[in-house]
Amino acid sequence: ATCQCQVKDMVCGSDGLTYPTICSLNEETLRRGEPDKYNPQLTIANWGPCNEGPNIITPPKDITGPLGANLTLSCEVKGFPAPVITWKF
């Protein structure tokens, strides 16, 4: 028999990692075995993904153009909550 996780929400573990479901966190808790001072008990820090600082995936590139021309700037950043990109010149 297999077990199907009924709760499909992500959880943030006390280890700072985001688990896809509470069942995944429970499986990791069992895998780790008995907690001790080197292996603290894994618990739910909060429901939803863990906060993650901004991480630049694709940095902006230097670009030049004629005065008054339109330019397209791009940059990809990952994090939670979603980072906001602002441009200053």
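Residues in the sequence shown are numbered from 147 upward in steps of one, following the working numbering. Just so you know, even glycine gets a beta-carbon here, dropped at the ideal spot from N, CA and C.
- Relative to the Cα of Thr189, the nearest Cα in the group Thr167, Pro200, Thr210 belongs to Thr167.
- Between Pro206 and Cys221, the beta carbon gap of about 4 Å places them in contact (Cβ cut-off 8 Å).
- Secondary structure in the region 147-216: the alpha helix (DSSP H) runs of 4 residues or longer, each lying completely within the stretch, are 168-178 in chain order.
- The beta carbon of Ser160 lies closer than 8 Å to those of Pro186, Gln187, Leu188, Thr189, Ile190, Ala191 in the same chain, with the five residues before and after it left out.
- Its chain contains Pro200, Val223 as the residues whose beta carbon lies nearer than 6 Å to that of Pro229, once the 5 sequence neighbours on both sides are disregarded; these appear in chain order.
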